[in-house]
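Accompanying notes for the structure given below.
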Amino acid sequence: NAGVTQTPKFRVLKTGQSMTLLCAQDMNHEYMYWYRQDPGMGLRLIHYSVGEGTTAKGEVPDGYNVSRLKKQNFLLGLESAAPSQTSVYFCASRQDRDGQEAFFGQGTRLTVV
Amino acid sequence: GDSVTQMEGPVTLSEEAFLTINCTYTATGYPSLFWYVQYPGEGLQLLLKATKADDKGSNKGFEATYRKETTSFHLEKGSVQVSDSAVYFCALSRNTNAGKSTFGDGTTLTVKP
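Protein chains in written order, with the numbering used here: chain C, 453 to 565; chain B, 70 to 182.
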C-alpha cells in the first residue's frame, strides 16, 4: 500500500551539480506530475506526463528535464543546479478519469548552496 | 486560464471554534473541485471533493459545497481541534486538461487549545 514514493527525501547540492529525483507509484495511474512548493507561492507545475513515454512542460519547466520510460516511474532531473531551485519538490499521480484526486508523495527537500 | 483564489492566512482559532476558509474559482467547462490538507513535513492528501454542481463533499467533520452560481467551494467545520492545524489547499482539475490541478496558494490554520 505504498502509493507514491519519492527518493531522496532530503538533498543538499552545490551550484552546478546535477541530480535526479525519482518518483514511483504503484496504483497503475496514467497521469504523473512534478510540482515545486515555495513559501507564499503555492504549488507550481514543473512537468507532467499523460502516459508512459510522454512528457510535457508545465508552468515552470526551465532548468528541469523529465523522463517516463516506465509507467510507474517519473524522473525529474536537474542538469546544473542553481540556488533558485532550492525548494520542496512533490510528485503526484492520478487516474485518467474525471473527478479523480491526485495522490502525492512525501516530498523532497532540496537545498542548493 | 483556470485559477483558484482562496482566503489568505494565517488563520488562528481556539479549539471548538467554527472554521470557514473561502475558495472561489475561474474555469472553463465543468471542473471537479477539491480540498487538500498538508500536515507539517508531509505531502498533500485529499480532504474532500465534489465533482458536479450542488454536490457536497464531506470528511472528518469538514464540508464544502460546489456552488456553480457563485463559483465557490468554501470549506467549513463546526468545531475545530488542535489536530486540524495544517495548511489547506483548494484546487480544481479537468480531465480534458490532462488532469492538471490548479491550486490556491494555501491557507495555514493553527488551532490553539
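C-beta atoms are modelled at their ideal positions from N, C-alpha and C, and glycine is treated no differently.
*Name, in chain order, the residues that DSSP records as bridge partners for residue 465/C.*
564/C
*Flag this pair as yes or no: are the beta carbons of residue 151/B and residue 84/B separated by less than 7 Å?*
yes
*Could you name the residues of the segment 485-498 of chain C whose beta carbon sits closer than 8 Å to any beta carbon of chain B, in the order they occur along the chain?*
485, 492, 493, 494, 495, 497
*Look up residue 120/B in the DSSP assignment and say whether it is helix, strand or coil.*
coil
*Which residue comes first and which comes last in the beta strand (DSSP E) that contains residue 171/B?*
170-172
*Cβ of residue 554/C within 7 Å of any chain B Cβ*: yes
*Option in 90/B, 70/B, 165/B with minimal Cα separation from residue 177/B*: 90/B
*Do we get a CB-CB distance below 7 Å when we pair residue 131/B with the residues of chain C?*
no
*Nearest chain C C-beta to residue 167/B closer than 7 Å, yes or no?*
yes
*Report the neighbours of residue 175/B on chain C: residues whose CB is nearer than 7 Å to its CB, in chain order.*
494
_C-alpha distance - residue 122/B paired with residue 471/C, whole-angstrom precision_ = 44 Å
*CB residue 101/B to CB residue 162/B, shorter than 7 Å?*
yes
*With distances taken from CA atoms, which of 488/C, 543/C, 539/C is nearest residue 464/C?*
539/C
_So residue 542/C contacts chain B; which residues on that side make the cut at Cβ distance below 8 Å?_
112, 113
_DSSP has residue 90/B in a bridge; who is on the other side?_
144/B
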